[in-house]
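Notes for the one structure printed next.
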Amino acid sequence: MRFDFFARFKLLARSKMSSANGQQCTYRDALDPTGRPLSLREAVALLARGVCAGLVVALPSDTVYGLACRVGSPRALRRVYDAKGRDGGKPLAVCVGDTREVGRLCHVTVSDEVMQDLLPGPVTLVFKRKPELNPALNPSTQLVGVRVPEHAVLRQLCLHLQEPLALTSANASARPSSLHVHEFRELWDSLAVVLDGGPLGDPSDPTSRLGSTVIDLSMPGSFRIIRAGVACDRTLEILQKKHGLKLDPGTG
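Under full-length UniProt numbering, the first residue of the sequence shown carries the number 1, and numbering increases by one thereafter.
Structure (structure tokens):
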């Protein structure tokens with residue numbers, strides 16, 4: 001199969017597994033007239049083929065729908081920005097499949113216990129990046145946000161590829177985050193694969209669209225809240241009360 005097939009391919013599916021909130025869903029390929037269900041393994045394989053072709057895929061996460069591509073491909077990174085119409089100076093996060101992989105990409109300043117308490121989960125941890133990361137990723141900053149989502153598709157995709165993914169929300173720039181694939185329909189022509197895991201939250205509840213909690217841990221012993229997100233209270237409980245880290249008084 002030619003790689004350019006994925007430039008035209010659109011997969012719409014429903015998750016055949018328990019989502020983060022425990023609801024049962026089923027993967028289905030909308031282009032398949034038989035509506036044959038897809039296994040998690042098949043869905044991950046389709047996503048992987050798109051990513052390996054240097055293209056951008058859309059998929060569910062433990063917060064909102066996201067766009068993902070290879071961290072090591074400058075062309076793929078550019079495609080993410082082009083798809084969203086996003087300013088190239090705004091950083092992308094990095095997603096890995098296992099908490100132990102975080103230290104390969106950045107200088108971790110907290111204990112293993114802190115990492116295990118926070119991840120996997122709806123939290124983005126910001127550390128100083130290591131030289132091993134592609135310099136084309138977020139070239140204007142020495143920091144990088146890393147995610148280990150509590151969602152089987154994203155984590156299994158990273159583990160299948162044996163490499164990290166660049167990750168951002170699946171919405172046009174300045175538009176709200178997406179809880180359903182049809183909310184970012186205008187992006188589909190720029191995507192290789194669109195994996196539908198069903199609704200990820202209540203569209204009438206603004207807190208459903210907050211995205212991950214983003215915490216700057218680049219300075220040892222303290223932290224700064226960059227974005228409150230969906231898990232701020234739990235994150236503060238872990239960092240301050242359980243592990244004694246200090247909240248930066250200048251935090252946003």
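The C-beta atom is built at its ideal place from N, Cα and C for all residues, glycine as well.
Should N134 and V57 be called a contact, given that it needs their Cβ atoms to be closer than 9 Å? Within the sequence shown, numbered from 1, the residue matching residue 134 stands at position 134. Within the sequence shown, numbered from 1, the residue matching residue 57 stands at position 57. No, these two residues do not count as a Cβ contact at 9 Å.
Using a Cβ distance threshold of 8 Å, determine whether the region 196-208 contacts the region 93-103, with at least three qualifying pairs required. Short answer: they don't touch.
Can you pull the DSSP bridge partners for L157? In the sequence shown, the residue the question calls residue 157 occupies position 157. Its beta-bridge partners do not exist; DSSP assigns none.
Roughly how many angstroms lie between the CA atoms of S212 and P122, to the nearest whole one? Along the sequence shown, one-based indexing puts residue 212 at 212. Along the sequence shown, one-based indexing puts residue 122 at 122. Computed Cα separation, rounded: 5 Å.
Exposure label - A170; buried when at least 16 CB within 10 Å: Stepping through the sequence shown from its first residue, residue 170 is reached at position 170. By the 10 Å Cβ count, A170 comes out buried.
Whose CA, out of S222, S61, A174 and S111, lies closest to the CA of V96? On the sequence shown, position 96 is the one that residue 96 refers to. Per the Cα distances, S61.
N-terminal and C-terminal residue of the beta strand (DSSP E) that R104 is part of: Translated into positions along the sequence shown, residue 104 becomes position 104. No beta strand (DSSP E) holds R104; the alpha helix (DSSP H) holding it covers V102 to L105.
May I have the straight-line CA-CA distance separating G50 from G221, to the nearest angstrom? Numbered from 1 along the sequence shown, position 50 holds the residue referred to as residue 50. Numbered from 1 along the sequence shown, position 221 holds the residue referred to as residue 221. Distance between the alpha carbons of G50 and G221 is about 40 Å.
Identify, in the order they occur along the chain, each residue of the same chain with its Cβ nearer than 7 Å to the Cβ of L47, setting aside the five sequence neighbours on each side. Counting from one through the sequence shown, the residue named residue 47 turns up at place 47. Once the five neighbours on either side are set aside, the close Cβ partners of L47 are V57, L59, L157, V193 and L195.
Quick check: G88 and C69, are their CB atoms within less than 9 Å of each other? Here the question's residue 88 lines up with position 88 in the sequence shown. Here the question's residue 69 lines up with position 69 in the sequence shown. No.
How about T63 and A93: do their beta carbons lie closer than 9 Å? For the purposes of this step, residue 63 is identified with residue 63 of the sequence shown, where counting begins at 1. For the purposes of this step, residue 93 is identified with residue 93 of the sequence shown, where counting begins at 1. Not in contact: T63 and A93 (Cβ atoms no closer than 9 Å).
V80: which of R147, R155, A136 and E42 sits nearest, CA to CA? Residue numbering aside, residue 80 sits at position 80 when the sequence shown is read from its first letter. For the residues R147, R155, A136 and E42, the minimum Cα distance to V80 belongs to A136.
Taking DSSP as the reference, what is the three-state secondary structure of K130? Taking the first residue of the sequence shown as position 1, residue 130 is located at position 130. In the structure shown, K130 sits in coil (DSSP, three-state: anything other than H, G, I, E or B).
Count the other CB atoms within 10 Å of the CB of E183; is the residue buried (16 or more) or exposed (fewer)? Walking along the sequence shown from the start, residue 183 turns up at place 183. The residue is buried, with at least 16 neighbouring Cβ atoms inside 10 Å.
Exposed or buried, what is G85 when buried is set at 16 or more other beta-carbons lying within 10 Å of its beta-carbon? For the purposes of this step, residue 85 is taken as residue 85 along the sequence shown, with counting starting at 1. Around the beta-carbon of G85, fewer than 16 other beta-carbon atoms lie within 10 Å, marking it exposed.
Closest Cα partner of H107 within the set S177, G229, R209 and G145: Locating residue 107 in the sequence shown gives position 107, counting from the first residue. With distances taken between Cα atoms, H107 lies closest to G145.
Check for me: the alpha helix (DSSP H) holding V146 runs from which residue to which? Reading the sequence shown from its first residue, position 146 is the one you call residue 146. Unbroken run through V146 is the beta strand (DSSP E), L143 to R147; no alpha helix (DSSP H).
According to DSSP, which residues form a beta bridge with S169? Taking the first residue of the sequence shown as 1, we reach residue 169 at position 169. The partner list for S169 (beta bridge, DSSP) reads G66.
Could you check which residue in R175, D189 and E132 has the C-alpha nearest to that of residue 253? The first residue shown for the chain is 1 and the last is 252, placing residue 253 beyond what the model contains.
According to DSSP, is D202 part of a helix, a strand, or is it coil? Taking the first residue of the sequence shown as position 1, residue 202 is located at position 202. Three-state DSSP puts D202 in coil, outside helix and strand.
Using C-beta distances below 7 Å, list every residue in its chain close to S218, excluding the 5 sequence neighbours before and after it, in chain order. Counting from one through the sequence shown, the residue named residue 218 turns up at place 218. Excluding residues within five positions, the ones whose Cβ falls inside 7 Å are T109, V126, F127, K128 and L143.
Spatial neighbours of S140 in its chain, beta-carbon cut-off 7 Å, leaving aside the 5 residues before and after: Here the question's residue 140 lines up with position 140 in the sequence shown. Cβ within range, chain order: G89.
Span separating the alpha-carbon of P199 from that of A152: In the sequence shown, counting from the first residue as 1, residue 199 sits at position 199. In the sequence shown, counting from the first residue as 1, residue 152 sits at position 152. Their backbone Cα atoms lie some 16 Å apart in a straight line.
Spatial neighbours of P149 within its chain, please: CB distance less than 7 Å, with the 5 preceding and 5 following residues excluded, ordered by chain position. Here residue 149 is taken as the residue at index 149 of the sequence shown, counted from 1. For P149, where only same-chain residues beyond five positions count, the Cβ hits under 7 Å are S61, D62, C95, P120 and R155.
At the level of alpha carbons, what is the spacing between L67 and T168? Along the sequence shown, read from residue 1 onward, the residue named residue 67 stands at position 67. Along the sequence shown, read from residue 1 onward, the residue named residue 168 stands at position 168. So the two alpha carbons sit approximately 5 Å from each other.
Going along the chain, which residues of its own chain have a beta-carbon closer than 6 Å to the beta-carbon of I226, five neighbours each way excluded? The residue you call residue 226 lines up with position 226 of the sequence shown. Contacts found: V214 and D216.
Rounding to the nearest angstrom, what Cα-Cα distance links D29 and H180 in this structure? Stepping through the sequence shown from its first residue, residue 29 is reached at position 29. Stepping through the sequence shown from its first residue, residue 180 is reached at position 180. Its pLDDT being 44, under 50, D29 is placed unreliably in this model, and the coordinates cannot settle the point.
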